[in-house]
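S.K.: Sequential numbering from 6 applies to the sequence shown in this note's numbering.
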Amino acid sequence: MAINKNHEFEELNGVKCAIVEKNVSKERADFLETMLRFNKYEVIVVPVVAAPKPAPAAAVPGAEPAPEPAPVMPEPPALFTVGVTDVTFNPTNAIFGRLLKTQGGRVITLAYWRQQEPVSHDEIPYFEKSF
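(1) Looking at the structure shown, is Met-6 part of a helix, part of a strand, or coil, going by DSSP?
(2) From the DSSP output, in three-state form, read off Pro-96 for me.
(3) Near Val-92, which residues of its chain fall below 8 Å by C-beta distance, leaving aside the five closest residues on each side in sequence?
(4) Alpha carbons only, please: which of Thr-86, Asn-44 and Leu-17 is nearest the one belonging to Gly-110?
(5) Are the CB atoms of Tyr-46 and Val-87 nearer to each other than 8 Å?
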């Protein structure tokens with residue numbers, strides 16, 4: 006059990022893992038997996054199991070007929086949980102502690118982690134700037 010929401014643990018494929026992100030798309034899971042593997046973490050990605058749909062009720066003799074079934078809804082997109090086997094890993098600390106690198110050798114920024122920028126702009130941290 007996590008002390009706070011920023012450091013969650015779960016068992017993925019029988020291995021205790023620190024959770025990086027939950028309920029992410031396949032593209033996001035691939036992005037995180039590539040980045041974390043480059044940074045020497047063992048990554049485990051598992052699909053999120055949807056709750057089973059309830060079975061239709063059986064018709065009771067003498068009761069009103071069951072209403073027509075609702076139109077078939079499209080399947081929701083496949084979602085995944087991404088975790089690393091290093092249980093000391095915390096995504097927040099890794100990003101703001103400047104511990105992760107891109108394949109180009111730049112420090113991963115929050116905007117790059119969130120995939121808001123295609124390239125990580127490794128800037129001097131605010132606390133090292135001279136004003």
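Note that the Cβ used here is the ideal one computed from N, Cα and C, for glycine as well.
M.R.: For this structure:
(1) On the sequence shown, position 1 is the one that residue 6 refers to. Residue placement at Met-6 is flagged as unreliable, the pLDDT there being 47, under the threshold of 50; the coordinate-derived value follows with that caveat. It is coil, neither helix nor strand.
(2) As a first step, residue 96 must be located in the sequence shown, where it is residue number 91. Correct three-state label for Pro-96: helix.
(3) Locating residue 92 in the sequence shown gives position 87, counting from the first residue. The answer, listed in chain order, is Phe-14, Lys-21, Cys-22 and Ala-23.
(4) Reading the sequence shown from its first residue, position 105 is the one you call residue 110. Nearest of Thr-86, Asn-44 and Leu-17 to Gly-110, Cα basis: Asn-44.
(5) Looking up residue 46 in the sequence shown gives position 41. Looking up residue 87 in the sequence shown gives position 82. Not a contact, by the Cβ cut-off of 8 Å.
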